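Novice: Our numbering numbers the first residue of the sequence shown as 1 and each following residue consecutively.
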Amino acid sequence: MSFFDFRKKQSHTYLGVDVGAAGLKVVELANEKGRAKLMTYGYTERKPGQAAMSPFDDPKATGELLAALCRKCGTRGTKAMAALPLSSVFSAIVSVPRRKTEKEMQPLVDAQVAKLTPIPVSEMVLYSTYIDGIGKENIKNQEPKAQLEKPSDHVRVLVTGAAKSLVQKYVEIFRAAKLDLQAIDTEAFALVRSLIGKDRGPIAILDIGGMRANVTVVEKGVPVLTRSINLGGNAVTKRIMEQMGVPEAEAEQMKLDLGNMAGASSGVGGLPAVLDAVMQPMLNEIRYAFQLYAGMELAEFKKVEKIVLTGGSSHLPRIVEFLKESLNVNVYRGDPWARVAFPEDLRPVLDEVGPRMAVAIGLGMREIE
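1. Within the same chain, show all residues whose beta-carbon is closer than 7 Å to that of S313, passing over the 5 residues directly before and after it, in chain order.
2. According to the Cβ coordinates, are G362 and A190 closer than 8 Å?
3. Give the secondary structure of G263 by DSSP, where H, G and I count as helix, E and B as strand, and everything else as coil.
4. Between which two residues does the beta strand (DSSP E) carrying R333 extend?
5. Rounded to whole angstroms, what's the CA-CA distance from E187 to V109? Just pull it up for me.
6. So who's on the other strand from R35, going by DSSP bridges?
7. With 8 Å set as the bound, which would you pick, yes or no: does the beta-carbon of K303 sit closer than that to a beta-carbon of chain B?
8. Quick check on this structure: which residue in V155, G133, I205 and F290 has the alpha carbon closest to the alpha carbon of F301?
9. Please confirm if the region 243 to 261 is in contact with the region 105 to 121, defined as three or more CB-CB distances below 8 Å between the two stretches.
10. Is D57 helix, strand or coil by DSSP?
11. G23 to K33, Cα distance in whole Å?
12. For A277, I'd like the list of residues in its chain whose CB is within less than 8 Å of its CB, leaving aside the five on either flank, ordered along the chain.
13. How long is the line joining the alpha carbons of L323 and V329, rounded to whole angstroms?
14. From the DSSP output, in three-state form, read off M124 for me.
15. Scan the region 152 to 221 and note each continuous beta strand (DSSP E) run of 3 residues or more that stays entirely inside, going in chain order.
16. According to DSSP, is S91 part of a helix, a strand, or is it coil?
17. For A177 versus A21, is the C-beta spacing smaller than 8 Å?
18. Take K169 as the anchor and find which of G197, P55 and R339 has the nearest alpha-carbon.
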């Protein structure tokens, strides 16, 4: 999906650009016989002690930083894809009577959405994804079991949107970077591409970043429920600073070394004590998200089968075991490079940076699917 799309012609490479509070991430992919091939990648990071600033406070400065990053990592293409952060995206599923075309159904969707949006529809950019498809051609493409069932007279529609003012800031950032912004997606759809692919089951993606963690429940490849949690890896760093009385840079290194620290493990799943204080409230939010999904009238499966873990802070020790034991569900660290071709000798470094690049990779894959 995309909030706008004004492509002129296909290019040979595609830039996925993740604009986040913790820094910028860029991945350049080429289309090699229908499969994504890694050309280059790069990212910026907030330095210890440096105040966290929104990249949208000064779009021109962010654009110049993006241009410098592209030069440093040697990107060649100029056609770029970006994604809106989940915390800034309106998302809702509505059910409307089935019609022959999307054009006929759109007024019905708009009427329902107008009752739900936090700001007037006139001030938003909205995009509709028809979960169940439209018309007989969709029924032919369904799985055999689904074809035997009587088609519903209603269609589920995922509506996502964002304020026009935020979309405009993206345009300004990429204009300053001298990049041709092709489309604006959402982080959720980008993560589905890079981590889930064609899996149609009910899967939750837990994206743990520095400032926030996002929970996205995906059904048939469509993000049907999202929650943004105001907790991330930075909270662990701050707790270490408070407990140990050390500066941020040293606390960051200690956080990375948690898995090797003697006596660091305790509690459920052997989770280090300093992580427990952060993961417990996050666990409560995940449980709440699962409860919401189970209670969704328009959800098909109701129960999440597995969790895919990603994000720059997903590497913290024992998180997989903690979530698996606490939620009684299979948990895996996602591999966003699984659908990308690259030299095998790069595997160690790509595995290390992969979790933080998952959104950018999914954006780069958008035009290669």
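Idealized CB from N, CA, C, for every residue including glycine.
Small disclaimer: the values here were computed from a predicted structure and weren't measured.
Specialist: This is what the structure gives:
1. Here residue 313 is taken as the residue at index 313 of the sequence shown, counted from 1. So the list reads I208, G209, G210, G232 and G233, once near-sequence residues are dropped.
2. Counting from 1 along the sequence shown, the entry for residue 362 is found at position 362. Counting from 1 along the sequence shown, the entry for residue 190 is found at position 190. Yes. Within cutoff.
3. Within the sequence shown, residue 263 is the residue found at index 263, counting from 1. Unreliable placement is indicated for G263, whose pLDDT of 43 sits below 50; the coordinate value is still reported in the next sentence. The answer is coil: DSSP assigns G263 none of H, G, I, E or B.
4. Here residue 333 corresponds to residue number 333 of the sequence shown, with the count starting at 1. Taken as a continuous stretch (DSSP letters only), the beta strand (DSSP E) holding R333 covers N330 to R333.
5. As a position in the sequence shown, residue 187 is number 187, starting the count at 1. As a position in the sequence shown, residue 109 is number 109, starting the count at 1. Those two C-alpha atoms are separated by around 23 Å.
6. Residue 35 sits at position 35 when you count from the first residue of the sequence shown. DSSP, once it has assigned bridges, lists E32 as partnering R35.
7. Looking for chain B here will not work: only one protein chain is present.
8. In the sequence shown, counting from the first residue as 1, residue 301 sits at position 301. Nearest C-alpha to F301: F290.
9. no
10. To locate residue 57, count along the sequence shown from 1; it is residue 57. Note: D57 maps to coil in three-state DSSP.
11. As a working mapping, residue 23 is identified with position 23 in the sequence shown. As a working mapping, residue 33 is identified with position 33 in the sequence shown. For G23 and K33, the distance between alpha carbons rounds to 32 Å.
12. In the sequence shown, residue 277 corresponds to position 277, counting from 1. Excluding residues within five positions, the ones whose Cβ falls inside 8 Å are R239.
13. The sequence position of residue 323 within the sequence shown is 323, counting from 1. The sequence position of residue 329 within the sequence shown is 329, counting from 1. The alpha-carbon atoms of L323 and V329 are separated by roughly 8 Å.
14. By 1-based counting over the sequence shown, the position of residue 124 is 124. Looking at M124 - three-state DSSP - the assignment turns out to be strand.
15. 154 to 163, 180 to 186, 203 to 208 and 213 to 219
16. The count along the sequence shown starts at 1 and reaches residue 91 at position 91. In the structure shown, S91 sits in a strand (DSSP, three-state: E or B).
17. Translated into positions along the sequence shown, residue 177 becomes position 177. Translated into positions along the sequence shown, residue 21 becomes position 21. No, they are not a contact pair.
18. The residue labelled residue 169 in the question sits at position 169 within the sequence shown. Per the Cα distances, P55.
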